[in-house]
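Numbering (my numbering), first residue to last: 318 to 661. Idealized CB from N, CA, C, for every residue including glycine.
If you want it as structure tokens, here you go:
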């Protein structure tokens, strides 16, 4: 094979050889010049940023992703902070990912882990586990369970788009008095349960379009404002809002048009029941009963109810106002019961 010697290398070599016999080599300017001409030069088409330069400003290093396509096969149980750091070595876990207190007291992931094919579980069995940012995770094939936890001020699930099973969030608190954002979550294959918490605002589900398991159950929280869920147009199942004693405002569900099951509102603190402005169809029944503070009802648009309607035992709701609400409904397919409310 024929080897070609670069001209720059030849000229630099001859200059250095000549220098050996010259007093001028003591000249620092000549030494610097020879050092520069003997330095390796970038090949044609090579970006200067990829070449180490001896003089001048340091070049910006090329950005190289630290993420890999590695797959962890099996269930990944976090037992140390090193286990959390090592999550960034994997793009996918073929199994479940579990954080348990003890031994670990916080849950977080980096931006490299994109998919968990099984369940994601954050379980504070021996004490509250602090949930930080679950940063890059996009898909959970099984269920998402968060039980006995504290959501830090930075807690969020910014990239999570899909959960194949149930989402259950229970016995938790938040440093910001709100549930962390699930801003990208569009699909829940199973049921959605959120209950037993001291948070004051429930939002963060504005991208949610599908809940396939037939239940949205919100219960036992100090929530005053129920917002979010504004992309949900059709819900195939039962919507239950129960035991939210501090609830004063339902401003969510603004796009919801159809609930194929029933709507249950029980033991909520609301005075004026105003909401669901786009709702036109409830396939099942509506129960509004034993609400101690309720004074008026204004829900839905041109609303049709496929099942029964019960408005009863509401001591501050005038009976004539309840009857007026019934009169403006398009249709009630089952039995209508309006009784035990405040006399007109």
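Beta-carbon spacing of residue i, residue j below 8 Å
i           : j           : result
residue 494 : residue 518 : yes
residue 448 : residue 461 : no
residue 631 : residue 611 : yes
residue 441 : residue 404 : no
residue 468 : residue 499 : no
residue 622 : residue 605 : no
residue 579 : residue 553 : no
residue 516 : residue 476 : no
residue 483 : residue 507 : yes
residue 393 : residue 421 : no
residue 459 : residue 413 : yes
residue 522 : residue 546 : yes
residue 595 : residue 569 : no
residue 525 : residue 548 : yes
residue 438 : residue 415 : yes
residue 533 : residue 496 : no
residue 550 : residue 572 : yes
residue 395 : residue 407 : no
residue 541 : residue 577 : no
residue 567 : residue 529 : no
residue 472 : residue 445 : no
residue 485 : residue 503 : no
Paired residues, beta bridge with residue i - DSSP
i           : result
residue 552 : 576
residue 391 : BP columns for residue 391 are empty, so no partner.
residue 417 : 440
residue 543 : 519, 567
residue 486 : 463, 511
residue 452 : DSSP, once it has assigned bridges, lists no residue as partnering residue 452.
residue 496 : According to DSSP, which records beta bridges pairwise, residue 496 is partnered with nothing at all.
residue 425 : According to DSSP, residue 425 bridges with nothing at all.
residue 635 : 659
residue 627 : 604, 654
residue 409 : 388, 432
residue 526 : Bridge partners of residue 526: none, in fact.
residue 536 : 512, 559
Buried/exposed call for residue i, threshold 16 Cβ in 10 Å
i           : result
residue 367 : A caution first: residue 367 carries a pLDDT of 32, below 50, which makes its placement in the model too unreliable to give a value.
residue 419 : exposed
residue 600 : buried
residue 661 : exposed
residue 656 : exposed
residue 436 : buried
residue 390 : exposed
residue 658 : buried
residue 430 : buried
residue 602 : buried
residue 470 : exposed
residue 373 : Summary for residue 373: the model assigns pLDDT 39, below 50, so the residue's position carries little reliability, and this model does not support an answer.
residue 557 : buried
From the options, residue whose alpha carbon lies closest to that of residue i
i           : options            : result
residue 636 : 614, 412, 485      : 614
residue 555 : 575, 434, 384      : 575
residue 527 : 537, 505, 450, 543 : 505
residue 559 : 547, 415, 542, 536 : 536
residue 432 : 646, 451, 439      : 451
residue 716 : 641, 396, 620      : Residue 716 lies beyond the range of the chain shown here (318 to 661); nothing can be said about it.
residue 597 : 609, 588, 616      : 616
residue 398 : 424, 387, 564      : 424
residue 562 : 587, 571, 551      : 587
residue 464 : 513, 402, 634, 542 : 513
residue 638 : 388, 589, 385, 584 : 589
residue 384 : 487, 454, 633, 640 : 454
residue 648 : 633, 634, 618      : 618
Backbone secondary structure at residue i - three-state DSSP
i           : result
residue 383 : coil
residue 663 : Nothing in the structure corresponds to residue 663, since the chain is present only between 318 and 661.
residue 398 : helix
residue 559 : strand
residue 596 : coil
residue 474 : coil
residue 604 : strand
residue 356 : Below a pLDDT of 50, predicted positions are generally treated as unreliable, and residue 356, at 42, falls in that range; no measurement from the model is reported.
residue 641 : helix
residue 403 : helix
residue 342 : The pLDDT assigned to residue 342 is 44, lower than 50, so where the model puts this residue is not dependable, and the model offers no usable value.
residue 587 : coil
Contact test: residue i Cβ vs the ligand NAP heavy atom, cutoff 7 Å
i           : result
residue 456 : Ligands are entirely absent from the displayed structure, and the ligand NAP is therefore not among its contents.
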